[in-house]
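Engineer: According to my numbering, the sequence shown is numbered sequentially starting from 654. Heads up, the beta-carbon is just placed ideally off N, CA and C, and yes, glycines get one too. Can you keep this structure in mind? I'll have questions shortly.
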Amino acid sequence: MGDNRDVYKSIRRIMDRHSAYLFGIADISYSYYYDNYKRALVIAVPHKRITTTDNYVEEEFENLLCEAREKSSQVIKEIADFCRGNNIKYHVPPMAQKNEETLIAPFSYKYAAVYAGLGWIGKNDLLVTEEYGPRVRLSAILIDCSLPAGKPIFYSRCDDECRQCVEACPYNLISGVQWDIGKYRDELIDYHACNTKRSLFIKRHGRKNACGLCMAACPLGSG
Ligand code: SF4
Ligand code: SF4
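Given below as structure tokens:
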């Protein structure tokens, strides 16, 4: 493969086959991965159906998440195959937090999405996009190629007055604080309590409760 422009064009061609997905490129010089990978390609796959608090059913919501996760894995695989075929060094960082203590993933897809300019962090601590609101599944692949990066979004675009996600949480875990790049997650949401509440379902469901209530309540992207 020639220069970065050819790589960019080829990746764009892959993404053009998935025109409903949002795609952005983040300069990850903020991350310790930068020693080995210059950019994160970030993809946001929209949910197939729009969940609202009126039509919310936990099992159906879980199915939507699984479906979007499948699609994300598929497109990441397409890009990884392309990189492998062209000797471009890449890495797919895991999304899930391995550590139940800190609940921090090795590489934050949300943070990368903000740096790629795909959206901002809402009061519900979810990535919120102009197109689909928070109803997207994020994925990312790191590549060692200095492709043109997007323009980061460092301030929330949520309406100051909006509290719909705050009020949707049955456990009052969302503080209502507006995000900016300097904010810590704990200032927005009691993430540990959210995890604890959702984990109560493991015995019954064999998985954590998906709980998308603070996502379903968001008016952005709800049509
Ligand atoms: S996922 Fe559910 S429990 Fe957690 S903050 Fe959102 S509404 Fe509250
Ligand atoms: S419900 Fe309102 S405050 Fe919460 S993420 Fe959506 S727009 Fe932002």
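1. Considering only DSSP beta bridges, list what Asp680 is partnered with.
2. Can you tell me the Cα-Cα spacing of Ile774 and Val789, whole angstroms?
3. Return yes when the Cβ of Gly770 is within less than 7 Å of the Cβ of Gly738, no when it is not.
4. Do three or more CB pairs link the stretch 718 to 737 to the stretch 824 to 842 at distances below 8 Å?
5. In whole angstroms, give me the CA-to-CA distance for Cys719 and Ala693.
6. Are the Cβ atoms of Ile827 and Asn777 separated by less than 7 Å?
7. Check whether the Cβ of Gly876 lies closer than 6 Å to any heavy atom of ligand 2, and answer yes or no.
8. Mind reading off the beta-carbon distance from Ala758 to Met748? Whole number of angstroms is fine, and I expect it under 8 Å.
9. Along the chain, which unbroken stretches of the beta strand (DSSP E) at least 3 residues long are found entirely within the stretch 781 to 816?
10. Within the same chain, show all residues whose beta-carbon is closer than 7 Å to that of Cys818, passing over the 5 residues directly before and after it, in chain order.
11. Taking 7 Å as the cut-off, decide whether the C-beta atoms of Ala679 and Tyr762 are in contact.
12. If I measure Cβ to Cβ from Met668 and keep anything under 6 Å in the same chain, skipping five residues before and after, which residues do I get?
13. Out of Ile664, Glu711, Lys691, Gly786, point me to the one whose CA is closest to Arg810's CA.
14. What did DSSP end up calling Ile703 once you bin it into helix, strand or coil?
15. My guess is that Ile696 and Ser792 are in contact by the Cβ rule of under 8 Å, so how many angstroms apart are they, rounded?
16. Look at the Cβ atom of Ile741, then the Cβ atom of Ile703, and state whether they are nearer than 7 Å.
17. Specify the secondary structure class of Ala863 as computed by DSSP and reduced to three states.
18. Under three-state DSSP, which class holds His671?
19. Quick one: measure Cβ to Cβ for Tyr844 and Arg838, integer angstroms, because I've assumed they're closer than 8 Å.
20. Specify the secondary structure class of Tyr844 as computed by DSSP and reduced to three states.
Structural biologist: Inspection of the coordinates gives the following:
1. Arg692
2. 13 Å
3. no
4. no
5. 23 Å
6. yes
7. no
8. 6 Å
9. 789 to 796
10. Gly775, Lys776, Asn777, Ile827, Cys867, Ala870, Cys871
11. no
12. Phe676
13. Gly786
14. coil
15. 5 Å
16. no
17. coil
18. coil
19. 6 Å
20. helix
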